[in-house]
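Working notes, structure below.
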Amino acid sequence: MNSIQIDNLSAKIDGNNILNNLNFTLPKGEVHAIMGPNGSGKSTLSKVLSGHPDYDVTNGSAKMDDVELLGLSPDEIARLGLFLAFQYPIEVPGVSIANFIRAALQARMEEGQNVKAVDYYKELYVKMDELGIDKSFTSRSMNEGFSGGEKKRCEILQMSMLNPKYCILDETDSGLDIDALRVVSEGVNRMKNSERGILVITHYQRLLDYIVPDKVHVMWDGQIVRSGTKELALELEERGYDWIKEEIAAA
Amino acid sequence: MIKPSNIEIDREKGNFHYPTSKYAFDAGIGLSEDVVKYISDVKKEDDWILDFRLKAHSIFDKKPMPTHWATKDLENIDFDVIRYYLAQGQKPSRTWEEVPDDIKNTFERLGIPEQERKFLAGVEAQFDSEAAYSHMKEDLEKQGVIFVGPTEGLRDHPEIFKKWFGKVIPSSDNKFSALNSAVFSGGSFIYVPPGVKLAQPLQAYFRINAENFGQFERTLIIADEGAEITYMEGCTAPKFETSTLHSAVVELVALKGAKIQYITVQNWSNNVYNLVTKRAMADEEAEVRWIDCNIGSRLTMKYPGVVLKGRKARGEVLSIALANDGQHQDTGAKMVHAANETSSNVIAKSVSIGEGRSSYRGLVQIPGHLRHCRNNTECDALLINSESQTDTYPAITIKGDDNSVQHEASVSKVSEEQIFYMQQRGLNEAEAMSLYVNGFVNDLIREFPMEYSVELKRLIDLEMEGSVG
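Top to bottom, those sequences are chains A and B. Add 558 to the 1-based position in the first sequence for this note's numbering, that's all there is to it. Here this note's numbering is used: position 369 in the second sequence is 350, and no number is missing along the way.
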């Protein structure tokens, strides 16, 4: 099936259970949002799907287009087409944005093939322009000394250059002012198409004004406890998460 | 300064061995006065050179191993089992056709004749104790450039070379400079006349082929007033079970306004003790730049230095060291300021991988009577694994009010989160490490001649590939 399909996924870190029998499907061509309070396991889900070595998967499966992701290394998962836009992008000193993205593209090529420099820079400059990133950034070291907004734009730049099948945006809106939020959202929206699934992880409804989701899910204690349309996000914005907690407690 | 192009430094490239059945000249095993006399005798040297050698031999005997400050691994060198002189012939050929097949095949496989055709002004290829091939473009000869070995240099041009031979680095400088002074053979003696600027580099390639062998080349480069030269040296040896010794002495003399750039790519196999003394003298407004890359060897101890003897002289050391399993790169720089308005710059980057160890030793001296001298030293170490090691020993003596010194040092480690981030972009662990290491040395490599940096990057990739399980 053309989707990310998660069944009964449980995972822990340092002995603490974070994901508890989580079930979730992200079909290709759709945009889904996962919302939830701090500590509900949203970021853990993105790390587990990306193959982060610190998490122990204790149960379940996570398939991307019918390929089991659990047990694969992070780079294998990435090359299969999963992109994670980090909540806190990491600095890589001395490695320029241009060289970094180029190395990432090169890693996807067959042996003996090379990234064509002219085409590459052409595409890079167009996409930087779209995201309002100055050309001078190509030679800046990856994320080193970047502002919060610059880091997030740079994540979206990488995402658009690497052409992934599925994108996870982990709290991409955190630390963005309203202008940056718009530019970043537009960048994500440009990537929406029938061949790509996008998962937006966020605290706030605000981002979903710009990136309109097909479905909204609420995560609580390592599970998806509610799913609905974008109106669910508005309801959460208005009422907070407590009413969901109460409903769960009642059930 | 000129830009040399391609140079080959694949780490495995040198690991082959064509057995050589006979050496016409063999000083036997172990070191004695007789061995020293034998070497001097086969070279038909003047008496003063034999005296120089014998004095150095006795200094070598008397000097203790410097293990009070250096690694104890030095004690594992057994001077009694080493062969100090092995040669098939005394005279280098002027064309590759004349070079004996086994030797020619070796250098062809290392790509030396090809490089010579492409971008070099001259090449000397040393095989064990003697150069098998030596050739320089004719127009340089016409301009008075001399590019020979020490035997020819001291015999045919004593008026030029005798004056400086052993003066920048006296035999007694250290135990290994004494050893070299006793048994030296091969190396480059170069003289560039006033105002002559070489557009292409001269290159020497040092090949150790024999087992239980010691190579002791001696290099002396004199750039006369306003002259400019870039010299490159490369080296490889096959991997033997037993240890091999390489102990060179390199003296550079940059007279008024001259520029010397000396580039080393040290790629010895991991059984080689590489104990080298390198020092330059820079006269008024002269510039000396050492670019020193240490990738190979079991133990390297090497601290290229510049004595800034004339006003406004400038010295620079750019150093990159990679220490992998079973390797100790003990490298650094010495800057001795001896005139007003002299400046020096040292940038050293080391990468320790696996159980590798890298050490930085720096010496900077600016005495109090000098004015307006400047030194900048930056040394950065990167550790790749928890077992890898690095240590730094800077010794800076600055006196006087008008002199300035700047020293920065850092140690960093690749974090798991950084590797994860790069892996999430599709790079495997080795590619991620490699990109990281390249980023670490990037600002230094930018200072290097371009083609050279491309090769270095490729070499780092190869090293990292092997380091991740």
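Even for Gly, the Cβ is constructed at its ideal location relative to N, Cα and C. Note that this is a predicted model, so its numbers are computed, not measured.
Cβ separation of residue i and residue j, assumed to be a contact under 8 Å, to the nearest whole Å
i	j	result
P455 (chain B)	G(-5) (chain B)	The structure shown does not extend to residue 455 (chain B), since chain B spans only -18 to 450, so no value can be given for it.
G291 (chain B)	K237 (chain B)	7 Å
P632 (chain A)	F401 (chain B)	6 Å
L580 (chain A)	I562 (chain A)	That belief does not hold up - the Cβ atoms of L580 (chain A) and I562 (chain A) are roughly 12 Å apart, past 8 Å.
I726 (chain A)	L642 (chain A)	5 Å
F128 (chain B)	S166 (chain B)	Actually they do not touch by this definition, with Cβ atoms about 17 Å apart.
N409 (chain B)	K438 (chain B)	Rounded, the Cβ-Cβ distance is 17 Å, inconsistent with contact.
heavy atom of the ligand ATP below 6 Å from residue i C-beta
i	result
M749 (chain A)	Ligands are entirely absent from the displayed structure, and the ligand ATP is therefore not among its contents.
Cutoff 6 Å; reference residue i; Cβ partners in own chain excluding five residues on either side
i	result
S545 (chain A)	The structure shown does not extend to residue 545 (chain A), since chain A spans only 559 to 809, so no value can be given for it.
G307 (chain B)	N251
A417 (chain B)	The question names Ala, but residue 417 (chain B) is Tyr in the sequence shown. Only V395 meet the Cβ criterion.
T132 (chain B)	K24
R338 (chain B)	A304, H309 and Q370
A390 (chain B)	C360 and T373
E681 (chain A)	none
E795 (chain A)	Q763
V606 (chain A)	A569 and Y613
S324 (chain B)	R295 and R355
Y186 (chain B)	I93, A106 and G215
N578 (chain A)	S568, G780 and Q781
F421 (chain B)	L363
Exposure label - residue i; buried when at least 16 CB within 10 Å
i	result
T258 (chain B)	buried
N86 (chain B)	exposed
I736 (chain A)	exposed
M403 (chain B)	buried
Q405 (chain B)	buried
E(-11) (chain B)	Note that E(-11) (chain B) scores 36 on pLDDT, short of 50, meaning its location in the model is unreliable and no value can be drawn from it.
W271 (chain B)	buried
S367 (chain B)	exposed
E(-7) (chain B)	exposed
D28 (chain B)	exposed
K283 (chain B)	buried
R188 (chain B)	buried
N657 (chain A)	buried
N275 (chain B)	buried
M117 (chain B)	buried
M622 (chain A)	buried
D61 (chain B)	exposed
P(-15) (chain B)	Residue confidence for P(-15) (chain B) is low, a pLDDT of 33 falling below 50, so the modelled location carries little weight; the figure read from the coordinates is stated next. Flag for P(-15) (chain B) reads buried.
R427 (chain B)	exposed
G130 (chain B)	buried
Other residues of its chain near residue i: CB distance less than 7 Å, five sequence neighbours each side excluded
i	result
D731 (chain A)	L739, T760, Y762, R764 and L765
M(-18) (chain B)	Annotation note: pLDDT 35 at M(-18) (chain B) (below 50); position unreliable, coordinate value reported separately. Closer than 7 Å at Cβ, skipping near neighbours: T211, K240 and Q242.
P647 (chain A)	N701, K709, C712 and E713
K685 (chain A)	L715, S718 and M719
I872 (chain A)	Outside the shown range of chain A, which is 559 to 809, sits residue 872 (chain A), and nothing can be said about it.
F(-3) (chain B)	R90 and P219
K178 (chain B)	A208 and E209
W145 (chain B)	L201, I203, E232 and V234
E56 (chain B)	M46 and T48
N560 (chain A)	P585, K586 and D623
Q399 (chain B)	Y417
Close beta carbons around residue i, own chain, < 8 Å, minus the five adjacent residues each side
i	result
R64 (chain B)	D7, A8, G9, I10, A191, N193, F194 and G195
V16 (chain B)	A8, G9, Y65, Y66 and V164
S752 (chain A)	K586 and G587
L734 (chain A)	G706, G707, K710 and V742
N596 (chain A)	H761
Y4 (chain B)	L67, A68, Q69, D109 and A191
**Prompt:** Hey, which unbroken runs of the alpha helix (DSSP H) at 4 residues or more fall wholly within the region 25 to 68 of chain B?
**Reply:** 28 to 43
**Touching by the beta-carbon criterion (3+ pairs, under 8 Å), the region 219 to 231 of chain B and the region 80 to 100 of chain B** = Because the criterion of three Cβ pairs below 8 Å is not met, the region 219 to 231 of chain B and the region 80 to 100 of chain B do not touch.
**Request:** Decide if the region 139 to 158 of chain B is in contact with the region 258 to 272 of chain B; the criterion is three or more beta carbon pairs, one per stretch, under 8 Å apart.
**Result:** yes
**Request:** Could you tell me whether the region 287 to 298 of chain B touches the region 312 to 319 of chain B, using the rule of 3 or more Cβ pairs below 8 Å?
**Result:** yes
**Asked** Is it a yes or a no for the region 34 to 47 of chain B touching the region 158 to 168 of chain B, going by three-plus beta-carbon pairs under 8 Å?
**Response** yes
**Message:** Under 8 Å: do the region 37 to 57 of chain B and the region 68 to 80 of chain B share three or more Cβ pairs, one atom per stretch?
**Reply:** no
**Request:** Evaluate the contact criterion for the region 377 to 388 of chain B versus the region 340 to 351 of chain B: three or more CB pairs, one atom per stretch, below 8 Å.
**Result:** yes
**Uninterrupted alpha helix (DSSP H) stretches inside the region 749 to 774 of chain A (no shorter than 4 residues)** = 764 to 768
**Prompt:** Which parts of the region 317 to 344 of chain B are runs of the beta strand (DSSP E), unbroken and 3 residues or longer, counting only runs that do not cross its ends?
**Reply:** 324 to 333
**Prompt:** Which runs of the alpha helix (DSSP H), 4 residues or longer, sit entirely within the region 133 to 211 of chain B?
**Reply:** 139 to 142 and 156 to 164
**Item:** Uninterrupted alpha helix (DSSP H) stretches inside the region 688 to 752 of chain A (no shorter than 4 residues)
**Value:** 706 to 720 and 736 to 749
**Item:** Within the region 384 to 429 of chain B, ranges of the alpha helix (DSSP H) (whole runs, at least 4 residues)
**Value:** With a minimum length of 4 residues, the continuous alpha helix (DSSP H) runs that stay inside the region 384 to 429 of chain B are 397 to 405 and 410 to 426.
**Request:** Write down every uninterrupted run of the alpha helix (DSSP H) in the region 75 to 126 of chain B whose length is 4 residues or greater and which is fully enclosed by it, in chain order.
**Result:** 82 to 90, 93 to 100 and 119 to 123
**Any beta strand (DSSP E) of 3 or more consecutive residues that is wholly inside the region 247 to 289 of chain B** = 253 to 263, 268 to 275, 280 to 283 and 286 to 289
**Asked** Are the region 592 to 612 of chain A and the region 669 to 678 of chain A touching by the rule of at least three beta carbon pairs closer than 8 Å?
**Response** no
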